[in-house]
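Asks:
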């Protein structure tokens, strides 16, 4: 019977092309607008570190101005000072710990026609790759000594290796960074998490860095930060060393604590460190620190803002308006077919059969609207990408989950739109129409 009802539905749609087209358009526009916003919200709210959410922690210390709390959701600086980060690195409690920030190098190769280019660089400690499960395609990591000593080694992203060496194994080769030779010790496989949980200070939807260099190179190259640097007090003296010792927060810090015992030990360690610094005249605010899981870190940094959620609800409200319009159109169409339904009832068709037939027709309209709505959503995402000028490049696509959701949303919307008209036509009195035949 389903095939018979389907053939009746398709015949009915072909018989009223303009009215059916208007209904498909109403569903398509509503689904397209809703899925554009919902897709952006879906991708923004993802947690690429969900598999390790229970063991990873972003570290915050309250080293800020004693007269004024830091302007964040928990009144704590979102980054650490250089001197605090290097002090915490001496702890042997975490399974892995990472101090890092963003910088940039000018890259070129000797005897190459490739023009020099500026590459976004992550200055980090060696545990970065283990803590964030960063995959290697060739080679591996630098030694622990490089986190304290100026060792000129570099790990390339897959995209940078493709640009410099056409994707070949470049481990052991030399690239020039700011005119200095660096040895390639590793090449990453493609790795570009969305959002960029490891560094939300520099754009949560920016691409991952092109180069990775050891943390011990700071003094060798007088490395500052290409991200947010906030401070409230300079240190005595001048020059780069004075900057490193100043009360400026610019280092992101993460730890991996695999057990409750480790978490408690690390909390005790941080408490002891802050008390020690208080004795030296630092950390003059009340003792406070925070360890935040990646999921908490995304909320704390407002990656998915309240206005995005409001837009999501508004898009669903717009879809509801489109559904109401589709209800009116379907009701008009079905009531025009009331004589046909009356004859079928007189010939023995049940009310359920009439209801099912018209509901299947509504579903066909919904599927067509959903497919066109997906295309409209893709156009909407591309428009957002262009308007944002690259800020949300990684969000301008629909994954399979959202494609399925779009089709499901269209079918549900069409069934909701068709339920009342189908019920109404199934309740027609056949005797009225038999008299007119």
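Numbering (my numbering), first residue to last: 741 to 1177.
No residue lacks a Cβ here, since even glycine has one placed at the ideal position from N, Cα and C.
What you are looking at is a predicted structure, and each value in this text was computed from that prediction instead of being measured.
In the DSSP assignment, find the beta strand (DSSP E) that holds residue 917 and state where it starts and stops.
Replies: Against the chain shown, residue 917 aligns to sequence position 177. Segment 914-917, the beta strand (DSSP E) holding residue 917.
Asks: Assign residue 875 to one of two classes, buried (16 or more other C-beta atoms within 10 Å of its C-beta) or exposed (fewer than that).
Replies: For the purposes of this step, residue 875 is taken as residue 135 along the chain shown, with counting starting at 1. By the 10 Å Cβ count, residue 875 comes out exposed.
Asks: So, under 8 Å CB-CB, residue 860 and residue 950 are touching, yes? Tell me the CB distance rounded to an integer number of Å.
Replies: Numbered from its first residue, the chain shown carries residue 860 at position 120. Numbered from its first residue, the chain shown carries residue 950 at position 210. Indeed, because the Cβ distance is near 5 Å, the residues count as touching under 8 Å.
Asks: Classify residue 1025: buried if its beta carbon has 16 or more other beta carbons within 10 angstroms, exposed otherwise.
Replies: In the chain shown, counting from the first residue as 1, residue 1025 sits at position 285. Burial call: buried.
Asks: Output the boundary residues of the beta strand (DSSP E) element that contains residue 922.
Replies: Counted from its first residue, the chain shown places residue 922 at position 182. 920-928 is the extent of the beta strand (DSSP E) around residue 922.
Asks: Excluding the 5 residues flanking residue 961 on each side, which residues of the same chain have their C-beta closer than 6 Å to its C-beta?
Replies: Taking the first residue of the chain shown as 1, we reach residue 961 at position 221. Closer than 6 Å at the Cβ level, and outside the excluded window around residue 961, lies no residue.
Asks: Among all the DSSP beta bridges, which residues are the ones paired with residue 988?
Replies: Here residue 988 refers to the residue found at position 248 when the chain shown is read from its first residue. DSSP lists 971 as partners of residue 988.
Asks: Start and end of the alpha helix (DSSP H) containing residue 1161?
Replies: Your numbering for residue 1161 matches position 421 in the chain shown. Where residue 1161 is concerned, the enclosing alpha helix (DSSP H) stretches over 1140-1166.
Asks: Taking the beta strand (DSSP E) that residue 1179 belongs to, which residues open and close that run?
Replies: Because the chain here runs from 741 to 1177, residue 1179 falls outside it and cannot be looked at.
Asks: DSSP has residue 907 in a bridge; who is on the other side?
Replies: As a first step, residue 907 must be located in the chain shown, where it is residue number 167. Residue 907 pairs with nothing; no bridge assigned.
Asks: Leaving out five residues before and five after residue 844 in sequence, what residues of the same chain have Cβ atoms less than 7 Å from its Cβ?
Replies: Taking the chain shown and counting its residues from 1, the one referred to as residue 844 is at position 104. Excluding positions up to five away in sequence, the list reads 858, 859, 860, 861 and 966.
Asks: Can you say whether residue 889 is buried or exposed, counting buried as having 16 or more other CB atoms within 10 angstroms of its CB?
Replies: Stepping through the chain shown from its first residue, residue 889 is reached at position 149. Looking at its Cβ environment, which holds fewer than 16 other Cβ atoms inside 10 Å, residue 889 is exposed.
Asks: Taking 6 Å as the limit between beta carbons, can you name the residues of its chain near residue 752, skipping five residues before and five after?
Replies: Here residue 752 refers to the residue found at position 12 when the chain shown is read from its first residue. The residues are 1101.
Asks: With three or more beta-carbon pairs closer than 8 Å as the criterion, would you say the region 828-838 touches the region 1022-1039?
Replies: Judged by Cβ distances under 8 Å, the region 828-838 makes no contact with the region 1022-1039, as fewer than three pairs qualify.
Asks: Which residues share a DSSP beta bridge with residue 1029?
Replies: If you number the chain shown from 1, residue 1029 lands on position 289. 801.
Asks: Could you give the DSSP three-state label for residue 931: helix, strand or coil?
Replies: Counted from its first residue, the chain shown places residue 931 at position 191. Residue state, collapsed to three classes: coil.
Asks: Helix, strand or coil for residue 1129, going by three-state DSSP, please let me know.
Replies: Residue 1129 sits at position 389 when you count from the first residue of the chain shown. With a pLDDT of only 47 at residue 1129, under the threshold of 50, the placement of this residue in the model should not be trusted; the figure read from the coordinates follows. In the structure shown, residue 1129 sits in coil (DSSP, three-state: anything other than H, G, I, E or B).
Asks: Around the Cβ of residue 866, are there at least 16 other Cβ atoms within 10 angstroms (buried) or fewer (exposed)?
Replies: The sequence position of residue 866 within the chain shown is 126, counting from 1. Buried: at least 16 other Cβ atoms inside 10 Å.
Asks: Roughly how many angstroms lie between the CA atoms of residue 1007 and residue 808, to the nearest whole one?
Replies: By 1-based counting over the chain shown, the position of residue 1007 is 267. By 1-based counting over the chain shown, the position of residue 808 is 68. Each residue's alpha carbon lies about 24 Å from the other.
Asks: Helix, strand or coil for residue 845, going by three-state DSSP, please let me know.
Replies: By 1-based counting over the chain shown, the position of residue 845 is 105. It is a strand residue.
Asks: Between which two residues does the alpha helix (DSSP H) holding residue 774 run?
Replies: Your numbering for residue 774 matches position 34 in the chain shown. Residues 757-784.
Asks: Excluding the 5 residues preceding and the 5 following residue 1166 in the sequence, name in chain order all residues of the same chain whose CB lies nearer than 6 Å to its CB.
Replies: On the chain shown, residue 1166 is found 426 positions in, with the first residue counted as 1. The answer, listed in chain order, is 1091, 1094 and 1095.
Asks: Just to check my reading of the structure: residue 1023 and residue 802 have Cβ atoms closer than 8 Å, yes? What is that Cβ distance to the nearest angstrom?
Replies: Numbered from its first residue, the chain shown carries residue 1023 at position 283. Numbered from its first residue, the chain shown carries residue 802 at position 62. Confirmed, about 7 Å.
Asks: Which of the three DSSP states is assigned to residue 863 in this structure?
Replies: Counting from one through the chain shown, the residue named residue 863 turns up at place 123. DSSP places residue 863 in strand when its eight states are reduced to three.
Asks: Can you give the Cα-Cα distance for residue 1110 and residue 942, rounded to whole angstroms?
Replies: Translated into the one-based positions of the chain shown, residue 1110 becomes position 370. Translated into the one-based positions of the chain shown, residue 942 becomes position 202. Distance between the alpha carbons of residue 1110 and residue 942: 37 Å.
Asks: From the DSSP output, read off the bridge partner residues of residue 994.
Replies: Here the question's residue 994 lines up with position 254 in the chain shown. DSSP output for residue 994 lists 798 and 838 as bridge partner(s).
Asks: Residue 1012 lies in the alpha helix (DSSP H); which residues open and close that run?
Replies: As a first step, residue 1012 must be located in the chain shown, where it is residue number 272. Counting along the chain, the alpha helix (DSSP H) containing residue 1012 begins and ends at 1000-1019.
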